[in-house]
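Peer 1: Take the sequence shown: its letter number 160 is residue 160 in the UniProt record's numbering, and every next letter is one higher. Glycine is no exception: its CB is placed at the ideal position from the N, C-alpha and C atoms. First the structure, then my questions, so here it is.
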Amino acid sequence: MKGFLYAVFAAIVACTIGVPPVLRFAVDKEVRLDPQSLVDFYLRPFIPTAYSIDKRTNTDASVKLTSYQFKNCASPSNEQFVLSSLTLGPDPLSFPGPLTVAFNGQIKDTVDAPLKASVYLRKKVGDTWIKIPCIGNIGSCTYDDLCSFLDSVTCPGSFVSAGIPCKCPFKGGSYTLPTASFDVETALFPAGDYRGQANLTVNNDLITCIELNVTFE
């Protein structure tokens, strides 16, 4: 579940596609990234072979993360996972470049299938939040069977070392990722405000909601 949290952040910084004010590259809409490729994309943002650079934009320019905020948005009486802290570095954080992530959280009770994940990504254009659509499993997507989806995924070494589960069932307990480093190879997004939200449900009951807001300049 912690890996899914990081996927939310990485999706915000790497998946700004499909809407003209946000577009950085073109995508073959018939291609869907398999689970392992999707996790690799989230944990080390790169341009998959199914994507091609949009030459109308300048992808060589770097951007800096100037602010970020997160919040738990599920009802306290129902939420099974609570994120207590999230730290991103270095400061200032620029892309392309290294990214460090550290967090603390608690899973109150064991969570298992059927586990459904819904990710919502938006970019602010003027006074309006524009939804970034789901293309090839990237963007504002729904994963109906997250447990099966994760079965074919190799857990990142930093998560394994910290004893953080990446597959179902997610056992109850407190988990800490001291610091994990990732190389972000390219800046695929323009400056602006972004909002991401991840909802996890079991049998239509919302058990986790995490919202992340970031600003790039």
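Taking the alpha helix (DSSP H) that CYS147 falls in, what are its first and last residues?
Peer 2: Position 147 of the sequence shown, counted from the first residue, corresponds to residue 147. 146-151 is the extent of the alpha helix (DSSP H) around CYS147.
Peer 1: Nearest to SER181 by CA position, among PRO156, ARG195, PRO169, is which residue?
Peer 2: Against the sequence shown, residue 181 aligns to sequence position 181. With distances taken between Cα atoms, SER181 lies closest to PRO156.
Peer 1: Pairing CB atoms from the region 94-106 with CB atoms from the region 116-123, are three or more of them under 8 Å?
Peer 2: no
Peer 1: For CYS209, collect the residues of the same chain with a Cβ closer than 8 Å to its Cβ; drop the 5 residues on either side in sequence, then sort them by chain order.
Peer 2: By 1-based counting over the sequence shown, the position of residue 209 is 209. So the list reads ASN72, CYS73, ALA74, GLU79, GLN197, ALA198, ASN199, LEU200, once near-sequence residues are dropped.
Peer 1: From GLU217 to LEU65, what distance separates their C-alpha atoms?
Peer 2: Sequence index remark: in the sequence shown, residue 217 carries index 217 (1-based). Sequence index remark: in the sequence shown, residue 65 carries index 65 (1-based). So the two alpha carbons sit approximately 7 Å from each other.
Peer 1: Give me the Cα-Cα distance between SER161 and ASP127, rounded to the nearest whole angstrom.
Peer 2: As a working mapping, residue 161 is identified with position 161 in the sequence shown. As a working mapping, residue 127 is identified with position 127 in the sequence shown. Each residue's alpha carbon lies about 43 Å from the other.
Peer 1: So, helix, strand or coil for ALA198, using DSSP?
Peer 2: In the sequence shown, residue 198 corresponds to position 198, counting from 1. Strand.
Peer 1: Can you confirm whether the region 112-119 touches the region 138-154 when touching is taken to mean that 3 or more C-beta pairs between the two stretches lie within less than 8 Å?
Peer 2: With three or more CB-CB distances shorter than 8 Å, the region 138-154 counts as touching the region 112-119.
Peer 1: Within 10 angstroms of its Cβ, does GLY136 collect 16 or more other Cβ (buried), or is it exposed?
Peer 2: Indexing the sequence shown from 1 puts residue 136 at position 136. So GLY136 ends up on the buried side.
Peer 1: Which partner residues does VAL214 have in the DSSP bridge list?
Peer 2: Numbered from 1 along the sequence shown, position 214 holds the residue referred to as residue 214. Note: VAL214 sits in a beta bridge opposite TYR68, TYR194.
Peer 1: Alpha carbon to alpha carbon, how far is ASP112 from PRO76?
Peer 2: As a first step, residue 112 is located in the sequence shown; it is residue number 112 there, counting from the start. As a first step, residue 76 is located in the sequence shown; it is residue number 76 there, counting from the start. C-alpha separation (whole angstroms): 19 Å.
Peer 1: Could you tell me if GLY172 is buried or exposed, where buried requires 16 or more neighbouring beta carbons within 10 angstroms of its beta carbon?
Peer 2: Counting from one through the sequence shown, the residue named residue 172 turns up at place 172. Exposed, because fewer than 16 other Cβ atoms sit within 10 Å of the Cβ of GLY172.
Peer 1: Tell me whether LEU121, by its Cβ, gets closer than 7 Å to a heavy atom of the ligand MN.
Peer 2: The model on display carries no ligand, and the ligand MN is accordingly not part of it.
Peer 1: In the DSSP output, which residue or residues are listed as bridge partners for ASN104?
Peer 2: Stepping through the sequence shown from its first residue, residue 104 is reached at position 104. Paired residues: SER85, THR176.
Peer 1: Hey, quick one: how far does the beta strand (DSSP E) through SER62 stretch, first residue to last?
Peer 2: Working through the sequence shown from its first residue, we reach residue 62 at position 62. That residue, SER62, is in no beta strand (DSSP E); it is neither H nor E in DSSP.
Peer 1: Give me the residue from LEU150, PHE103, PHE149, ILE130 with the minimum Cα distance to ASP193.
Peer 2: Locating residue 193 in the sequence shown gives position 193, counting from the first residue. The shortest C-alpha separation from ASP193 is found at ILE130.
Peer 1: Hey, does PHE70 have any beta-carbon neighbour from chain C nearer than 8 Å?
Peer 2: The question asks about chain C, but that chain is absent: this structure has only one protein chain.
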